[in-house]
Amino acid sequence: MEEEIASIVEKNRSCVVSIHTITARRLDLGQKASGVGVTVRHNVGSGVIFDAGGHILTTAEVVRGADQIQVSLASGRMVDADLVATDEDSKVAVVRLRGKVPHCPRFGDSGRVRTGHYAFILGNAYGTMAPSMGTVAEFHDDDDLIQISGYARPGNSGAAVFNSEGRVIGIVRGILAQSSQEEAPGADSADEAGWNAVPATLLAIPINRAQEVARRLISGGWLGVGIEYDLGHPENTKVFNVETDSPAHEAGLRVGDVILFYNGEKILDGEHLKRLVRATPVGSEVQVGLLRDEQPLSVQVRLGQRPGQVPQKTPPPVAYGPARRNPETPEMLLQRLRSLDPQALRDLQLQMQMLIQQQESKKDK
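Note that UniProt numbering has the sequence shown beginning at 1, numbered continuously upward.
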């Protein structure tokens, strides 16, 4: 068994990555008593190379709220990445590397998983390969999850679950805490969780389900608009950017338009619109109801495929830590940063420098 485990680690170590995210948030007046106007929060989890196109499977918990994403490969190389999409029902998320892609693992058939089967968990926690053994305790048909009795480590969310043949059969979604029987996210900060593996009951997304969702997320439709983020009025889905040669551009959408309906369904907020677009196949024609100059208007749009060969550049994260819960896109971060006053920008720069110094100090110990 020891040789089998060592073989699985050796053959698949380059397929498992560490995902680092950063989120910046401006504090309100009541929270600025400390003199720092912006908080920077970080999160670390694991991921699995999905295909030769640079797509990585992980969980929604790992990337939720991320403004910037970087991936640490098994070689130690850090690569910028972009969020493709997340599926809140299954908690599957897909990110895409910008650069050369390591080889993909072999995927198994999670439909053949049975109680008592070995489950070998391989995650890349904080840049360190973290293997652990477990066994399949139960298969939850009602919510399509595999329950595993094993060990939990920091950054395990998004880790790969292998069978005894070295094939991926699942993706770790979180921990079912044995004391309270409540699901806890698997992506934690090193300071909070510690480095040692602890006995736990893990929940994993079956790989058959994860692959199905990932393919849909990757091939989902693309509209090509940026939606203005307004905390006070989340239903105010105002367009602040229309990408050149995008489906929205071809259909005549303009900056300042307020999108009210998508194929007859009322839009609740920007995230709701994104979910509807991603769930619509490429090439579909949809009716977009909007408000322009206070006049209602209906526009027909043929959804395209999101450009994936040259993703937009975003700066890399600078450190690690727990993630913020509220979803936010890079466009939203850009809008918020533009609104910061000079003092707030200096506060942000100072705090980033302090975080970097703290992380470097940890490495020296």
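Where a beta carbon is used, it is the ideal one built from N, C-alpha and C, also for glycine. Note that the structure is a prediction, hence the values are computed from the model and not measured.
Classify Ala52 as buried or exposed, calling it buried when 16 or more other Cβ atoms lie within 10 Å of its own Cβ.
Ala52 comes out exposed.
As a quick exercise: from Ser284, Gly289, Ala279 and Lys274, pick the residue whose alpha carbon is nearest that of Arg254.
Comparing Cα positions, the closest option is Gly289.
Excluding the 5 residues flanking Ala137 on each side, which residues of the same chain have their C-beta closer than 8 angstroms to its C-beta?
The answer, listed in chain order, is Thr115, Gln147, Ile148, Ser149 and Thr201.
Just reading off the alpha helix (DSSP H) that Pro247 is part of, what are its end residues?
Start and end: Pro247 to Ala251.
Taking the continuous alpha helix (DSSP H) assigned at Glu3, which residues delimit it?
From DSSP, the alpha helix (DSSP H) with Glu3 extends over Glu2 to Asn12.
Once DSSP output is grouped into helix, strand and coil, what is the label at Leu57?
Looking at Leu57 - three-state DSSP - the assignment turns out to be strand.
Pull the bridge partners of Val239 from the DSSP assignment, please.
Paired residue(s): Ile227.
Here's a check: name, in chain order, each residue in its chain whose Cβ is nearer than 8 angstroms to the Cβ of Ala251, leaving out the five neighbours to either side.
These residues qualify, in order along the chain: Val288, Val299, Gln300, Val301 and Arg302.
Asp102 and Cys15 look like a contact to me (Cβ under 8 angstroms); what is the Cβ gap, rounded to whole Å?
According to the sequence displayed, residue 102 carries Pro and not Asp. Contact flag correct, Cβ pair sits at about 6 angstroms.
Is Arg173 helix, strand or coil by DSSP?
Strand.
Are Val198 and Ala152 touching if we call contact CB-CB under 8 angstroms?
Yes, these two residues count as a Cβ contact at 8 angstroms.
Taking C-alpha atoms, which residue in Ile169, Ser132, Ser157 and Lys274 lies nearest to Val17?
Of Ile169, Ser132, Ser157 and Lys274, the residue nearest in Cα terms is Ser157.
Would you say Val213 and Asp87 are within 8 angstroms of each other, going by their C-beta atoms?
Yes, the pair counts as a contact, with Cβ atoms nearer than the cut-off.
Grab me the residues of Ala160's own chain with a C-beta within less than 6 angstroms of its C-beta, minus the 5 sequence neighbours each way, in chain order.
Same-chain partners within the cutoff: Val16, Val48, Leu122 and Val168.
In whole angstroms, give me the CA-to-CA distance for Ile56 and Ala85.
If I take the Cα positions, the gap works out to 11 angstroms.
For Lys91, which option in Gln70, Leu217, Phe162 and Asp80 has the closest C-alpha, if you only look at C-alpha atoms?
It is Leu217 whose Cα lies nearest to the Cα of Lys91.
Inspect the beta-carbon positions of Trp222 and Gly134 and report whether they are closer than 8 angstroms.
No, the pair does not count as a contact, with Cβ atoms beyond the cut-off.
Assign Ser7 to one of two classes, buried (16 or more other C-beta atoms within 10 Å of its C-beta) or exposed (fewer than that).
Under this definition Ser7 is an exposed residue.
How many whole angstroms separate the CB atoms of residue 376 and Ile171, which I take to be in contact at a CB cut-off of 8 angstroms?
Nothing about residue 376 can be reported from this structure: the residues present for the chain run from 1 to 365 only.
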